[in-house]
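**Q**
In our numbering, the protein residues as written are 107 to 531.
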């Protein structure tokens, strides 16, 4: 029996893929615990019985953590690193160190954006694996070769962070473990050359990268808590069903886009029905502004608007997905062989959207400018042109063959068994 400590940021999309891995390890008789700045979120996703060591840390809510909606490109990257990722690592580090001391893990499994996991594990001489919940990081790492100023800036941030919370003599990039990188995707989506140079040049070190340590395990699918009140009988089997979702972190910018989706899909009501996820009721607010009846808008037979949906079971019954190209949503759709219309907003989403298009499994539209007619045309294409569904089916086959949580657990067991006894820091 080995012990595994999962170090995760307070972000749903980064916790969900590890839940299945943790459950698989537990089923195999191993000890599992978590370290997080949001223990309640971990328990909501992983179960109330989860052992969670609390850490301090900012979250992307509240006045100090909200990212301005207009931020894009380099400014968004700067905000993400300087206002969230680096402060999160510094705040979490004492809690991670305490968790390692109390739990005594054989392996730390550190999320790619929870830098404290890798840096503290390296300092304490505990083997660690990277949980890469978005494959975009591999592409971004390779792209840095063409952006030397950005690369130098990131190297400086990570070098200074290591000096504050890690081993100053260490060299590993905290985003890419030197032991094992679990990538929750496959080359069929990401591209055959992805990851070959990941990690090279980080923190001032020039090396061969972490491509030889990447294990493409595919999506980690696990049952999730879900409300029992979804109206399954509303679904009309005589029409195609389209799911529209912007994930859990983009509700601040989604009103216009969701309204365009609603209009595009309602104009196709003779052959299409839509389920739109609207967590903060932005469509209800828009309806009020337009002097529409809110309840009529929400409860008609053509467009169902819900604050949340049981996404995994629903994906078994939809014909297309319109989304922001969030990695989890894309992979969950393709796990079910469902083609996509992707409208990336920020962060890793443009990269993931590019992967979808390059793989032939969907169409990309412009989030900030697309209109209902253009959205409708894209939806028609992925519903009726067979190439998109065929490509999604190929990825579905690759995903399911990769092994998911079982494969990830096996790799972690191998790391735990192959590591020497831990030394004192």
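Note that CB positions come from ideal geometry on N, CA and C, so glycine has one too.
This structure is a prediction, so every number in the text was calculated from the model and none was measured.
1) I need the boundaries of the alpha helix (DSSP H) containing residue 505, first residue and last residue.
2) Flag this pair as yes or no: are the beta carbons of residue 457 and residue 242 separated by less than 7 Å?
3) Check whether the segment 113–131 touches the segment 139–150, counting contact only when three or more Cβ pairs, one atom from each stretch, lie closer than 8 Å.
4) Could you pull out every residue in the same chain whose Cβ sits closer than 8 Å to the Cβ of residue 493, ignoring the five residues on either side in sequence?
5) Residue 419: buried (16+ other C-beta within 10 angstroms of its C-beta) or exposed?
6) For the alpha helix (DSSP H) containing residue 450, name the first residue and the last one.
7) Assign residue 211 to one of three DSSP states: helix, strand, or coil.
8) With respect to the alpha helix (DSSP H) encompassing residue 296, which residues constitute its N-terminal and C-terminal limits?
9) Please check the pair residue 381 and residue 364, which I expect to be a contact at CB under 8 Å, by giving their CB distance rounded to whole angstroms.
10) Starting from the C-beta of residue 336, find all residues in its chain whose C-beta is less than 7 Å away, skip the five residues before and the five after it, and write them out in chain order.
11) Should residue 490 go down as buried or exposed, given a rule of 16 or more other Cβ atoms within 10 Å for buried?
12) Among residues of its own chain, excluding the 5 on either side of residue 204, which ones have a beta-carbon nearer than 8 Å to its beta-carbon?
13) Under the three-state reduction of DSSP, which class applies to residue 236: helix, strand or coil?
14) Excluding five sequence neighbours on each side, which residues of the same chain lie with their C-beta closer than 7 Å to the C-beta of residue 149?
15) Tell me residue 159's beta-bridge partners as DSSP assigns them.
16) Of all the options 452, 437 and 215, which has the alpha carbon lying nearest to the alpha carbon of residue 293?
17) Can you grab the Cα-Cα spacing for the pair residue 206 / residue 472, in whole Å?
18) Using DSSP's beta-bridge definition, name the partner residues of residue 424.
19) Keeping to the same chain, check which residues put their C-beta closer than 7 Å to that of residue 477; ignore five residues upstream and five downstream.
20) Check for me: the alpha helix (DSSP H) holding residue 225 runs from which residue to which?
21) Could you tell me whether the Cβ atoms of residue 341 and residue 430 are closer together than 7 Å?
22) Over the uninterrupted beta strand (DSSP E) stretch that includes residue 286, give me the two end residues.
23) According to DSSP, is residue 110 part of a helix, a strand, or is it coil?
24) Measure the CB-CB distance between residue 323 and residue 522 and report whether it falls below 7 Å.
25) Would you mind working out which of 452, 516, 445 and 183 sits nearest residue 263, comparing C-alpha positions?
26) Quick one: is residue 376 buried, meaning 16 or more other Cβ sit within 10 Å of its Cβ, or exposed?
27) In chain order, what residues of the same chain lie with their CB nearer than 7 Å to the CB of residue 181, ignoring the 5 residues before and after it?
**A** The structure says:
1) By 1-based counting over the chain shown, the position of residue 505 is 399. Per DSSP, residue 505 is one residue of the alpha helix (DSSP H) stretching across 492–508.
2) Your numbering for residue 457 matches position 351 in the chain shown. Your numbering for residue 242 matches position 136 in the chain shown. The answer is yes: Cβ separation under 7 Å.
3) A contact between stretches requires three or more CB pairs, one per stretch, nearer than 8 Å, and the segment 113–131 meets this requirement with the segment 139–150.
4) Here residue 493 refers to the residue found at position 387 when the chain shown is read from its first residue. These residues qualify, in order along the chain: 466.
5) Your numbering for residue 419 matches position 313 in the chain shown. It counts as exposed.
6) Translated into positions along the chain shown, residue 450 becomes position 344. Residue 450 -> no alpha helix (DSSP H), and no H or E assigned at all.
7) On the chain shown, residue 211 is found 105 positions in, with the first residue counted as 1. The answer is coil: DSSP assigns residue 211 none of H, G, I, E or B.
8) Residue 296 sits at position 190 when you count from the first residue of the chain shown. That run of the alpha helix (DSSP H) goes 293–296.
9) Taking the chain shown and counting its residues from 1, the one referred to as residue 381 is at position 275. Taking the chain shown and counting its residues from 1, the one referred to as residue 364 is at position 258. Between residue 381 and residue 364, the beta carbon gap of about 12 Å keeps them out of contact (Cβ cut-off 8 Å).
10) Along the chain shown, read from residue 1 onward, the residue named residue 336 stands at position 230. Counting only Cβ-Cβ distances below 7 Å, and skipping sequence neighbours, we find 415 and 416.
11) Here the question's residue 490 lines up with position 384 in the chain shown. Exposed: under 16 other Cβ atoms inside 10 Å.
12) For the purposes of this step, residue 204 is identified with residue 98 of the chain shown, where counting begins at 1. Answer for residue 204: 159, listed in chain order.
13) Taking the first residue of the chain shown as position 1, residue 236 is located at position 130. In this structure, residue 236 counts as strand in the three-state DSSP scheme.
14) Sequence index remark: in the chain shown, residue 149 carries index 43 (1-based). Around residue 149: 156 and 158.
15) Looking up residue 159 in the chain shown gives position 53. BP columns for residue 159 point to 141.
16) Within the chain shown, the letter at position 187 stands for residue 293. When each option's Cα is compared against that of residue 293, the closest is 437.
17) Taking the first residue of the chain shown as 1, we reach residue 206 at position 100. Taking the first residue of the chain shown as 1, we reach residue 472 at position 366. Those two C-alpha atoms are separated by around 44 Å.
18) Within the chain shown, numbered from 1, the residue matching residue 424 stands at position 318. DSSP lists no partner for residue 424.
19) Translated into the one-based positions of the chain shown, residue 477 becomes position 371. Hits under 7 Å: 366.
20) Numbered from its first residue, the chain shown carries residue 225 at position 119. Run containing residue 225: 221–229, per the alpha helix (DSSP H) assignment.
21) Along the chain shown, read from residue 1 onward, the residue named residue 341 stands at position 235. Along the chain shown, read from residue 1 onward, the residue named residue 430 stands at position 324. In this structure, residue 430 does not lie closer than 7 Å to residue 341 by Cβ.
22) In the chain shown, the residue the question calls residue 286 occupies position 180. Where residue 286 is concerned, the enclosing beta strand (DSSP E) stretches over 286–289.
23) Taking the chain shown and counting its residues from 1, the one referred to as residue 110 is at position 4. Strand, per DSSP.
24) Reading the chain shown from its first residue, position 217 is the one you call residue 323. Reading the chain shown from its first residue, position 416 is the one you call residue 522. The answer is no: Cβ separation not under 7 Å.
25) Residue mapping note: residue 263 aligns to position 157 of the chain shown, counting from 1. When C-alpha distances from residue 263 are compared across 452, 516, 445 and 183, the shortest belongs to 183.
26) Along the chain shown, one-based indexing puts residue 376 at 270. Exposed: under 16 other Cβ atoms inside 10 Å.
27) Within the chain shown, residue 181 is the residue found at index 75, counting from 1. Same-chain partners within the cutoff: there are none.
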